[in-house]
Every structure is written in structure tokens, then in C-alpha cells.
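A quick write-up on the structure given underneath.
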Amino acid sequence: MKSPRTTGIIDTPDILAQRIDDNSKHTNIESINFEYDVVIVGGGTAGCVLASRLSENPELRILMVEAGGSSRDVLMSQIPAVFPKLFGSQNDYGLFTEPQPFAQDARKYWPRAKALGGCSTMNAMIFHSGAPSDFDEWSKTGLDGAEEWSYQALRKYFLKFEKYNPDPDYPGVDPNERGRDGPVNVGHFGYLTEASKKLFQACVNLGIPLNPDVNSPTRGTLGVTKFFTWNVYWLSVTYIDKTKTRVTAESSYLTPDVLQRPNLFTAVYSTATRIIFDGKDGQKHAIGLDFAHKNGNVTTTYRVRVKKELILAAGAVHSPHLLMISGVGPQNELEKHGIPVIHNLPGVGSNLQDHLVATIALSLKAGHSLQYLLGISLVDKVWSIIDLLRWKWFKSGSLTTNTVESAAFVRCDDSQLFEPDNYQIQDETSGSDAPDLEILMLPIGFAGIGLTGLCGNIPYPSMTFGAVGLRPQSRGKISLKSSNPFDPPIIDPHYLEKHNDVAVLVRGIRLMMKVVQTEPLASALEKHDHPLFDHDLHKSSDEELESEVRKRIFTLFHPTSTCRMAKLEDEGVVDARLKVHGLDNVRVVDASIFTRIPAGHTTAVVYAVAEKAADIIKQSLA
385 MKSPRTTGII DTPDILAQRI DDNSKHTNIE SINFEYDVVI VGGGTAGCVL ASRLSENPEL
445 RILMVEAGGS SRDVLMSQIP AVFPKLFGSQ NDYGLFTEPQ PFAQDARKYW PRAKALGGCS
505 TMNAMIFHSG APSDFDEWSK TGLDGAEEWS YQALRKYFLK FEKYNPDPDY PGVDPNERGR
565 DGPVNVGHFG YLTEASKKLF QACVNLGIPL NPDVNSPTRG TLGVTKFFTW NVYWLSVTYI
625 DKTKTRVTAE SSYLTPDVLQ RPNLFTAVYS TATRIIFDGK DGQKHAIGLD FAHKNGNVTT
685 TYRVRVKKEL ILAAGAVHSP HLLMISGVGP QNELEKHGIP VIHNLPGVGS NLQDHLVATI
745 ALSLKAGHSL QYLLGISLVD KVWSIIDLLR WKWFKSGSLT TNTVESAAFV RCDDSQLFEP
805 DNYQIQDETS GSDAPDLEIL MLPIGFAGIG LTGLCGNIPY PSMTFGAVGL RPQSRGKISL
865 KSSNPFDPPI IDPHYLEKHN DVAVLVRGIR LMMKVVQTEP LASALEKHDH PLFDHDLHKS
925 SDEELESEVR KRIFTLFHPT STCRMAKLED EGVVDARLKV HGLDNVRVVD ASIFTRIPAG
985 HTTAVVYAVA EKAADIIKQS LA
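Residues in the sequence shown are numbered consecutively from 385, following the numbering used here.
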């Protein structure tokens, strides 16, 4: 068996794997000279955690295969405020959904990062662990061992990855409830605009309760957080470090010390194309992986042997995609594309869930917005350059904002916040203390997202509010476009198919309009006649707002549950130990295993799931 002589991040797969060409694709796997105990597909948020934790055991030889490169040299990933500049770049898959019939037949853009660190390199860095009852719901699937996914059991893994940096300006955050020694640096480091300060006081005046830490198990996740010094409130903590630089899964887990471990190898610019299975003795056992490496216009295919475990950590789109093109999935779907069926597993790609956001834009008085960061005018470009230099030299200024500066979590059945209407909204929450609606605020006005970043050419100081439906009823799926691994899969989330999802967002718009009409935020507004501004939206009927919702929605980048942890009869794909049903040594570890989407942001949950999975796998390989 040939042994690689170079560790770390490797762009020369010849030292990691064996080349195969069109004439040798059926080479006996036993003739492959490169073998690893564990092969991880995907170097995203979960993959980096797994690579780091599993390689702590020097007896395990581990290969991680990532389609992108390192994010360390991608400037737009390092600066917190400018992550939308990565949309449509070489670090983005540039995916789109199918036309959505309940959203004006629009194809919706789906940002998916192609880089080590995954979507932790290209998101708004919001640290939110969801409602505790969300995970208690996971523990009730009836699977053997499901009780180990309760919030009480999972909480230690939230704490394990976190290193909270206390700040005297945030005395309401109890450091005893936060993680202290984890690899992921979190804290109240980013810039805070005047708009956020006034927004949070408006929320309090409206009756949304204060919550110093929306990740606290004692306080729960409802309400807004408080910034005591200036009497303003801010979303609890973000993934930024003391140098005001984005913290990613790569920077946190693939540290120089980790990359120097002689048993860890990371192949970059390498796309997994097929899992190779062995059917001996009735077992469906993964014995190898093919991946393709691109060097300019030349693509070379490589093969490695899997000795013990193959782990899919490629995310809610690409994990089910790789299973299906490898012959694991719904039989009719595989046969339609001429793929030999290794294992008929109907749940693969099903139960796709995502958080939708419907936005409104409002103009602000000067000094309250960061609109100039879009660089629409020459003056804006100059100020943007000045702020870039401030960030480069001093790691300070507005570019340290994560853009989504503030948020409130509420319930749609809160009679203090919502006037009576004709909607009979069904309670989809996991418990009485869990939200089903989130209100976000960004100090930049825009009308949506696309391949070029934030969309909407607004030349005035402005802000954007977003209503997020946290517990959607609609379910979509990932399916195959072809058997070609380089063809992106068909993404059909069935957005707003269930009317309940529309009703939640209509109430969300109503609440947002109440907040902006409440002091002190109301006095910060300055009306303009620009067509993208929504100052009079509160005058609309419910029917008109429903139409606006269907026009305005876009993803909050949270696709989940396409390889969900559930029983086979419930379209489950993995069991409580994250093994794929019916496969001997294949696991899935990423957001696709979520039994149901949590009522909040998903990055922290992926970190915790991956930390727990690492312990599960270590135990099984001991």
C-alpha cells in the first residue's frame, strides 16, 4: 500500500490517490494502492470538524475530499460585511431551484459555498442554537438511541465547539452558560449601527421582551438581546474573532497544528463522483471512492480504498446527490437515469426544508445606514475604500459588521404583537417557548439576492427588514438531472406550497411595519419615492401582502433534512448513529440529517451535530 508523504491541504492528488482513466474504471478495487481508514466527502462546516476530531486518533488514516480550495486566501470571506460578494464567484456552486409555481414561477438562487469551511465561509455568521424543544423533537423519532439527540444530551456539544469571549458591555450574558474552551471563537465583536440601536428600543417599546442571550437554555430563544451600555439590543454572538475577522470551520478546526498531523490528508479542488460498493456476503459496504480533480481545463479521475468508514459531509444538496449517483436512493429515480440500484432507499433527497425570508426596504436619515458599502455612487465607492483600509490596517469600522445585526424571535400566536386577522395559523413550533417567526434587520437596503450579491439599486441610506418563517410546512426534494456527477441536481423546495407558510410571512410583514412605526426607530426614517421602498406597505390588504410575499421571498441559506434521521417508514435515511439505513459503513453528517429544521439559524447546529458524530464514530472504531 502506497503511503502519502505529504499532509495538510493538498492540490496534487497523485500523492493521495490512484489515477484511473476511461479504460480502467472497472479496475479491481484490490489493486488500488491508496487506502484510508476514514474518507470524508466534503470539507465544509461538518467536514472540518470531523477531520480535526477524528485525526486526534493517530491510528486512523483520514482523507477529506473537498471540491473547492482553502478560504484562507479569499479576502471576501475574511471581511465579515462583504460575504455577498462571494455569490456567483468561483467559491460558489451558483445553484438555482426549479421554477416555483407558488412563488410566481421564479427560479430562486441558492448560494452554496465551494471551499474548505463550507457555508461558514459565506454566511451572515449568526450564532444561534435554536429552541431546546427543537432537539427534544428529534429525540422522539422512535429510532433506537434517539434519546441521545435530546437538547440535554446535545447541549454539551454546543458548548464543546464554543469559546465565548465575555464583554463587560454585555453583562446580561451569563458566561457560565457559554462554552469556554472550544475552537470556535465567538463574541460581541462586530460593528453596530445607529439603526440597530433604535430598532431594538422600538422592539422593547412594542412589547417584544428582552433576552440577553437567545442561546441560553434557561431563557430560551424568544425575544431580543440587550446591549446594556448604550441601552440597545443586539443578536447574541457572531462568529468573528478578536481581530474582527470571520471565523470559519476551516480556521477553527484545520489549524496549522492539525494540518501537520501525519494521519490527516485533505484533497482540494477534488469533486467526489462515485462511492464504490461491495456486495459480498449480502453486505452493502463502501469500499472505495472516485473523485475528479480539475487543473485548468484538464479533469483527472482518482480512486481510493475505504477501509473502515465513508462519511458524507457534503451538505443538504450534495450528500443526497452523491448517494443517488452512486446507486443509493429511490429506485425509480435511479432507474430513470440508468444508474444500477445498489440500495433502494426512498427517503434520499426527500423532505427538503428551508427557511424563507420576505423583505421590506425603508429609507433612513443620514448616519443610520451602511448603504454606501454597495458602492452605487462615486462618493460611496470612496467611503467603501476608506472602510476597507480601516479594516485592513486596524481591523475596525463598519466592515466588521456581519450585516444581519439584529433580530427578534416571536410567536405568531402572540396576541400582544398581532391584531386579529382571518388566518387560522397552525402551530408548527416544537414547544410553547419556541418561535415560528424571526424578524431580521440589516442596515443596507436591497430587494433580494442573486449571483451578483445583494439586488436592488437603492441610492439612499436605507435598511432592510426580513420576516423569516422558521417552521415551514412545505416539503421539497433533491432529485437527479442525469447520471453525470458534474450535472447539478434538480432542486425543488416547493416554496409556499402550504398556505400556512404564506400566512406566517404576512403576519411577519405586519409586525415589521409596526416596529418601524414605533419610536425611536420611526423618527430615523426619511421617506423617499424610490419604487423599492415600502413605507406604505402597512396599508395593503392581506391578499395584497400574500402577493408581495410570493414575489419577494428568497432563501436564508438553510436547506436541511434531505437525508433525515428517522425510521425507514418515515422516509428516514440515517439512524440515530447517523448510519445510512441498509449500508454497512456509510454515514451522513451535515444539515441533511436534521429530523426537522430548527427554529433558528443552522450553522451552530451543524457544528454540534458534527462534534457529536465524531464521538459516535470514535466509539465505533475503538
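All C-beta atoms in this analysis are idealised placements derived from N, C-alpha and C, irrespective of residue type, glycine included.
On the DSSP letters alone, give me the boundaries of the alpha helix (DSSP H) that residue i sits inside.
{"i": "Ser-517", "result": "516-522"}
{"i": "Arg-403", "result": "First-last for Arg-403: 402-404, but that is the beta strand (DSSP E), not the alpha helix (DSSP H)."}
{"i": "Phe-584", "result": "578-590"}
{"i": "Glu-719", "result": "715-720"}
In this structure, does DSSP put residue i in helix, strand or coil?
{"i": "Ile-671", "result": "strand"}
{"i": "Asn-615", "result": "A caution first: Asn-615 carries a pLDDT of 25, below 50, which makes its placement in the model unreliable, though a value can still be read off. Looking at Asn-615 - three-state DSSP - the assignment turns out to be coil, as it is neither helix nor strand."}
{"i": "Thr-622", "result": "For Thr-622, the predicted model reports a pLDDT of 48, less than 50, meaning its position is unreliable; a value from the coordinates is still stated below. Strand at Thr-622."}
{"i": "Ile-833", "result": "strand"}
{"i": "Lys-547", "result": "strand"}
{"i": "Phe-978", "result": "coil"}
{"i": "Ser-636", "result": "helix"}
{"i": "Thr-684", "result": "strand"}
{"i": "Gly-392", "result": "strand"}
{"i": "Glu-953", "result": "helix"}
{"i": "Arg-971", "result": "strand"}
{"i": "Val-449", "result": "strand"}
{"i": "His-739", "result": "coil"}
{"i": "Gln-810", "result": "coil"}
{"i": "Tyr-535", "result": "helix"}
{"i": "Gln-901", "result": "coil"}
{"i": "His-705", "result": "helix"}
Would you decide whether residue i is buried or exposed? Buried here means 16 or more other CB atoms lie within 10 Å of its CB.
{"i": "Ala-906", "result": "exposed"}
{"i": "Ala-998", "result": "buried"}
{"i": "Phe-649", "result": "buried"}
{"i": "Glu-634", "result": "buried"}
{"i": "Ala-581", "result": "Residue 581 is actually Lys in this sequence, not Ala. Counting Cβ neighbours within 10 Å, Lys-581 comes out buried, since at least 16 surround it."}
{"i": "Ser-710", "result": "buried"}
{"i": "Asn-735", "result": "buried"}
{"i": "Gln-1003", "result": "exposed"}
{"i": "Ser-454", "result": "buried"}
{"i": "Gln-800", "result": "exposed"}
{"i": "Pro-442", "result": "exposed"}
Any chance the CB of residue i is under 8 angstroms from a heavy atom of the ligand MN?
{"i": "Ile-833", "result": "For the structure depicted, the ligand MN is absent and the ligand set is empty, with no information on it obtainable."}
Does the Cβ-Cβ distance between residue i and residue j come in under 9 angstroms?
{"i": "Val-688", "j": "Leu-400", "result": "yes"}
{"i": "Leu-590", "j": "Lys-898", "result": "yes"}
{"i": "Glu-903", "j": "Phe-545", "result": "no"}
{"i": "Leu-821", "j": "Met-847", "result": "no"}
{"i": "Ala-792", "j": "Gly-563", "result": "no"}
{"i": "Asp-528", "j": "Asp-954", "result": "no"}
{"i": "Ala-651", "j": "Leu-447", "result": "yes"}
{"i": "Pro-495", "j": "Thr-944", "result": "no"}
{"i": "Ala-745", "j": "Ala-831", "result": "yes"}
{"i": "Gly-892", "j": "Tyr-879", "result": "no"}
{"i": "Ser-517", "j": "Ala-818", "result": "yes"}
{"i": "Leu-962", "j": "Ile-981", "result": "no"}
Kindly indicate the opening and closing residues of the beta strand (DSSP E) around residue i.
{"i": "Tyr-420", "result": "419-425"}
{"i": "Ser-654", "result": "654-662"}
{"i": "Phe-649", "result": "648-651"}
{"i": "Asp-876", "result": "874-876"}
{"i": "Ile-937", "result": "First-last for Ile-937: undefined, no H or E at that position."}
{"i": "Ile-416", "result": "Note, Ile-416: premise wrong, no beta strand (DSSP E); not H, not E."}
{"i": "Ser-846", "result": "846-853"}
Suppose the cutoff is 7 angstroms on Cβ atoms and the five residues either side in sequence are ignored; what does the same chain contact list for residue i look like?
{"i": "Glu-717", "result": "Met-708, Ser-863, Leu-864"}
{"i": "Asn-679", "result": "none"}
{"i": "Gln-715", "result": "Val-725, Asn-728"}
{"i": "Gly-815", "result": "Ala-515, Ser-517"}
{"i": "Trp-614", "result": "Residue placement at Trp-614 is poorly supported in this model, since its pLDDT is 18, which falls under 50; the coordinates are not used for a value here."}
Once you ignore the five residues that flank residue i on each side, which residues in its own chain have a CB closer than 6 angstroms to its CB?
{"i": "Thr-986", "result": "His-942, Ala-975"}
{"i": "Ser-747", "result": "Tyr-844, Ser-846, Glu-910, His-912, Phe-917"}
{"i": "Glu-531", "result": "Ser-523"}
{"i": "Leu-694", "result": "Val-423, Ala-670, Val-970"}
{"i": "Pro-869", "result": "Thr-657, Ile-709"}
{"i": "Gly-853", "result": "Leu-740, Asp-885, Val-888, Leu-889"}
{"i": "Thr-683", "result": "Ala-676"}
{"i": "Val-712", "result": "Ile-726, His-727, Leu-729"}
{"i": "Tyr-637", "result": "Cys-432, Val-433, Ser-436, Pro-567"}
{"i": "Val-858", "result": "Per the sequence shown, the amino acid found at residue 858 is Ser instead of Val. Within the same chain, Ser-858 has close Cβ partners His-878, Glu-881, Lys-882, Asp-885."}
{"i": "Ala-908", "result": "Lys-582, Leu-748, Lys-749, His-752"}
{"i": "Leu-543", "result": "Gly-563"}
Going by beta carbon distance, what residues of the same chain come within less than 8 angstroms of residue i, once the five residues before and after it are set aside?
{"i": "Asp-926", "result": "Asp-805, Asn-806, Tyr-807, Val-890"}
{"i": "Pro-601", "result": "Pro-516, Tyr-535, Arg-539, Glu-561"}
{"i": "Leu-929", "result": "Val-890, Ile-893, Arg-894, Leu-921"}
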